[in-house]
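Here the numbering used here is used: the first residue of the sequence shown is 7, the next is one more, and so on.
Heads up, the thing below is written out as structure tokens.
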Amino acid sequence: AGAVIARHAIPSRVGPDELRANFALYVKLLPLRDHGPGLSPFSSLMILNDLRTLRGKIDRMSRNSEQVAAWLNEHPAVEAVNYPGLANFEGHDVAQRYMWLADGEDDYGAPINRHGHLMSFTVAGGVTATRQVFDRLQMIWRATDLGRIKSVATIPAISTHQQQGEAGRSLAQVPGNLIRLNVGAEHPADIIADLAQALG
């Protein structure tokens, strides 16, 4: 047991005030934005506990995602669904080759594909219709993270990719009518019911 305490005085020794202020802003903003802060001991313990149950969570959320993606793929208000588990997904063959549940044969008697719990879909009707669908979500959280055990949705064009500007979003293929969905471990019928009432 113990602690390491570090105190850095670099900003006070960098140079003139303007350089010092710019350097301090750079150190404060960019690395934290891109990489996050250092982990505290408690956060490390929580992550360790989550890692012990990760396989079961991923299995459940991936199975849920397959059902949700198949349902969205048939909905008339949805233009397209981006999910590796769908046969019409551009990279489906690659996903089938590489995306496996660890030790799947132990539970299912044979190796089994699991395509993860992240997907996105585009809503027919443009940006306004997309925001209306997003605002009507009730059980699915509206947030910018990738979710945990709970389903979470976001519109990347107005959240995670907003700072890229229109040209950057176009280059990254992030249209304004795209909703990113992290499917959680709730019952898939409940997730689908929330999407159904939101899509109308």
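Even glycine gets a Cβ: it sits at the ideal position worked out from N, Cα and C.
{"query": "CA-to-CA distance, Ile64 to Ala75, given in whole angstroms", "result": "16 Å"}
{"query": "Where Val158 falls: helix, strand or coil (DSSP)", "result": "strand"}
{"query": "Buried versus exposed call for Thr134 [16 or more other C-beta atoms within 10 Å across all chains shown]", "result": "exposed"}
{"query": "Local Cβ density within 10 Å of Tyr89, reported as buried at 16 or more and exposed below that", "result": "buried"}
{"query": "Contact the region 119-133 vs the region 181-191: 3+ CB pairs below 8 Å", "result": "yes"}
{"query": "4-residue-minimum alpha helix (DSSP H) runs that sit fully inside the region 80-120, ordered along the chain", "result": "98-104, 110-114"}
{"query": "Meets three-Cβ-pair contact criterion under 8 Å: the region 90-106 and the region 152-167", "result": "no"}
{"query": "Nearest residue (CA-CA) to Asp200, options Glu172, Gly91, His98, Val158", "result": "Val158"}
{"query": "Residue from Ala204, Ser46, Ala93 with nearest C-alpha to Val129", "result": "Ala204"}
{"query": "Nearest-angstrom Cβ-Cβ length linking Asn188 and His123, presumed shorter than 8 Å", "result": "6 Å"}
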